[in-house]
Every structure is written in structure tokens, then in C-alpha cells.
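Protein sequence lines correspond, in order, to chains A and B.
For the first sequence, my numbering gives the first residue as 75, with consecutive numbering after it.
For the second sequence, my numbering gives the first residue as 155, with consecutive numbering after it.
What follows is a set of notes on a single structure, which appears directly below.
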Amino acid sequence: DAKTTQPTSMDCAEGRAANLPCNHSTISGNEYVYWYRQIHSQGPQYIIHGLKNNETNEMASLIITEDRKSSTLILPHATLRDTAVYYCIVRPSGSGGYQKVTFGTGTKLQVIP
Amino acid sequence: DTGVSQNPRHKITKRGQNVTFRCDPISEHNRLYWYRQTLGQGPEFLTYFQNEAQLEKSRLLSDRFSAERPKGSFSTLEIQRTEQGDSAMYLCASSLGTGGTSPLHFGNGTRLTVT
């Protein structure tokens, strides 16, 4: 399965958009991009996923490049509660599960007041 | 949706003791996963179940580890003869295994400290 690379850490001013990049240059045609975040002392929380079209939900937007080799998670108005580690993973659709997914170390986003 | 529940939240044990953790997944989810997470690292896959069948185990899951999911509902993870290297957060997650794109839903984990 494809692996992802993310910056180790990022800062964002409160109220501004947080743009978190993810590189997945070896992604296969049937692999989706998923984003999770993990707030300290909690389990990871699902945010959003997509295949090739841009996606938006109440938490965030996901922009996937046309060649699908990278993506960006956008938190439109970051708050202090968005301070967390953000994980980008890829996972094939179909009957396969998450057993071969690698979470990596993610991006530690610090929202600054 | 009451979410994935894990108990206990914290466990401190002495080296050599056995420990057991419990996970209650979201009720309609037929897939259940166990992960281990150490400080500064992302979750690492240990094993997963589809209904009551344990379908895959990671090489991280040594002979001292055993997991069960009787009746395809809750699951337990037991570690026998604990070692200090077993100290970690143990996370459980569940998903719908319908062949689609169902996301993982994680519990808040059990933090194990082996002294």
C-alpha cells in the first residue's frame, strides 16, 4: 500500500485557515486518501476522505491534486481546539480493511492565539 | 452512536503480570482492529477481526499477546508476562466492512505502564 509523507509540525494563527499538506506519490488508482486527527490523550478521530474529487464536510475540506500524488487538508478557521496531530493515510476501497495502512508520525498542528 | 468504548483507560502493572483490555465497538460494525501506539508515533496495526474471526495478525503481535472477539461483539486483548517494552497506548477501532470506504472509529485507548 502507498505510504504518505507529512511535515513534522506546523503553526497556524487562531481564526486563520490551516493548510496541511500530504504527499502520497505512490498512490494507486483504487486508493482513497483519509485524514484523521488525534488530540492529546484521545484516540484518532476521522475527519474526511476522498478519491480524486475535492471533498468538504462540516469539519474540513480536502483538496486532491489532479495527478493524486498529493493532497491538502484545509481547516477554514482554526481554533485552539484544532491543536492536534493530523494523520494522512491511504487505503484501498473494496473489501480490504485497514490492516496494511501506515499512519506514520503525522503533522503536529499548533494553533496559536 | 455511542462510539467505541475501551476499558480500563489506564493500567499500571508489574513486569511479569498478565493484563487484559476490553473493547466495545460501535454495535453495527463488523470489523474490529487493535493498534499499539508509543510516544511520538502513529498507531501500529496489531490484529483485526471480521465478526468473530481473527483474520490477520501483525508481526508485532508476539506469542504473549492474544485477542478474542467471541460472538463478534466486544473484544479482549490479553498480554501475558508483561515486559517494560509493552508500555504503550492500546487502541481499538471499528468499521463497517461492507467493501466500501467506511472510516475507522477509534476508542480513547488503554494506556499500559509496565513497571
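Heads up, the beta-carbon is just placed ideally off N, CA and C, and yes, glycines get one too.
- At a cut-off of 9 Å between beta-carbon atoms, R223/B makes no contact with chain A.
- Residue range 92-97 is occupied by the beta strand (DSSP E) that includes N97/A.
- Contacts with chain B at 9 Å (Cβ-Cβ) include P118/A.
- Residue F175/B holds the alpha-carbon nearest to the alpha-carbon of Y244/B among T156/B, F175/B, G157/B.
- In the three-state reduction of the DSSP assignment, G124/A falls in the strand class, which pools E and B.
- Scanning chain A for C-beta atoms nearer than 7 Å to the C-beta of E182/B yields nothing, as the closest lies near 16 Å away.
- At the C-beta level, L258/B and P118/A come within 9 Å of one another.
- Only those residues of the stretch 197-209 of chain B whose C-beta falls short of 9 Å from the nearest C-beta of chain A are listed: P197, E198, F199, T201, Y202, Q204, L209.
- Counting C-beta pairs closer than 8 Å gives fewer than three between the stretch 140-150 of chain A and the stretch 165-172 of chain B, which falls short of the contact rule.
- Contact annotation, T82/A with T157/A: C-beta distance approximately 15 Å; criterion of less than 8 Å not satisfied.
- For Q173/A, the residues of chain B that pass the 7 Å Cβ criterion are F199, Y202, E210, in the order they occur in the chain.
- Residue-level contact check: G226/B does not touch chain A, since none of the beta carbons of chain A fall below 9 Å from its beta carbon.
- Closer than 9 Å to the CB of N161/B there is not a single CB belonging to chain A.
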